[in-house]
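Asks: My questions all concern the structure below.
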Amino acid sequence: MEVKVSVKGIPRVVCGVTEETTCQDVVLVLAQSLGQPGRYTLREKFKDFERCMTPDERLLETLKKYGEQAKEVQLSLQHSGLSAWDEMGKVKVGRYQPYERTGYRCRIPDEADLKKIGMPTATQSVVKRT
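In terms of this note's numbering, the sequence shown opens at residue 1431 and continues consecutively.
Next up, the structure:
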């Protein structure tokens, strides 16, 4: 599925969004496409209601709660400043960009893409959850 997100006032389309896609996944794709370091948040706006979405929130699950009015929900990427890492001015290693950028469309990589570049997939957890 595709989801529209406003980035600096420009509408962008994120492709490959599934039931398992989290807000953090979408933020990572869009932040990588910008190529600018910092902290980013996905904001949800519906009429007079506006909030920051949590990183582990399932995007499609949230949108489904609006029912037929889901088309009226506006999503935007908000830059909330530099991360502590960026502010310290540490040496930066080459940027890793696993996400495909084509104009204003970003595609979330699938497991095959991640395997090609040696990144862990959903079935290969890097962090153990307790």
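Ideal placement from N, C-alpha and C gives every residue a C-beta, glycine not left out.
Per DSSP, which residues does Leu-1458 bridge with? Please list them.
Replies: The residue given as residue 1458 occupies position 28 in the sequence shown. According to DSSP, Leu-1458 bridges with nothing at all.
Asks: According to DSSP, is Gln-1504 part of a helix, a strand, or is it coil?
Replies: Counting from one through the sequence shown, the residue named residue 1504 turns up at place 74. Reduced to three states, the DSSP call for Gln-1504 is strand.
Asks: Does Glu-1474 come out as helix, strand or coil in the three-state DSSP assignment?
Replies: Within the sequence shown, numbered from 1, the residue matching residue 1474 stands at position 44. Glu-1474: strand per DSSP, three-state reduction.
Asks: Buried or exposed for Glu-1480, going by 16 or more other Cβ atoms inside 10 Å?
Replies: Translated into the one-based positions of the sequence shown, residue 1480 becomes position 50. It is exposed - the Cβ of Glu-1480 has fewer than 16 other Cβ atoms within 10 Å.
Asks: I believe Glu-1474 touches Leu-1507 by the beta-carbon criterion, under 8 Å. Please report the beta-carbon distance rounded to the nearest angstrom.
Replies: Against the sequence shown, residue 1474 aligns to sequence position 44. Against the sequence shown, residue 1507 aligns to sequence position 77. At roughly 11 Å, the Cβ-Cβ gap does not stay under 8 Å, so Glu-1474 and Leu-1507 are not in contact.
Asks: In the DSSP assignment, what residue or residues form a beta bridge with Glu-1480?
Replies: As a working mapping, residue 1480 is identified with position 50 in the sequence shown. DSSP lists Lys-1475 as partners of Glu-1480.
Asks: Within 10 Å of its beta-carbon, does Met-1431 have 16 or more other beta-carbons around it, so buried, or fewer, so exposed?
Replies: The residue labelled residue 1431 in the question sits at position 1 within the sequence shown. Counting Cβ neighbours within 10 Å, Met-1431 comes out exposed, since fewer than 16 surround it.
Asks: Quick check on the DSSP output: the beta strand (DSSP E) that includes Lys-1495 runs from which residue to which?
Replies: To locate residue 1495, count along the sequence shown from 1; it is residue 65. Note, Lys-1495: premise wrong, no beta strand (DSSP E); not H, not E.
Asks: Kindly give me the distance between the Cβ atoms of Pro-1485 and Gln-1454, rounded to whole angstroms, as I take these residues to be in contact under 8 Å.
Replies: Start at 1 with the first residue of the sequence shown, and residue 1485 comes out as number 55. Start at 1 with the first residue of the sequence shown, and residue 1454 comes out as number 24. Contact flag correct, Cβ pair sits at about 4 Å.
Asks: Can you grab the Cα-Cα spacing for the pair Thr-1492 / Glu-1502, in whole Å?
Replies: Numbered from its first residue, the sequence shown carries residue 1492 at position 62. Numbered from its first residue, the sequence shown carries residue 1502 at position 72. Answer to the nearest angstrom: the Cα atoms are 13 Å apart.
Asks: In terms of residue numbering, what span does the beta strand (DSSP E) encompassing Lys-1438 cover?
Replies: Taking the first residue of the sequence shown as 1, we reach residue 1438 at position 8. Unbroken run through Lys-1438: none, as it is neither H nor E.
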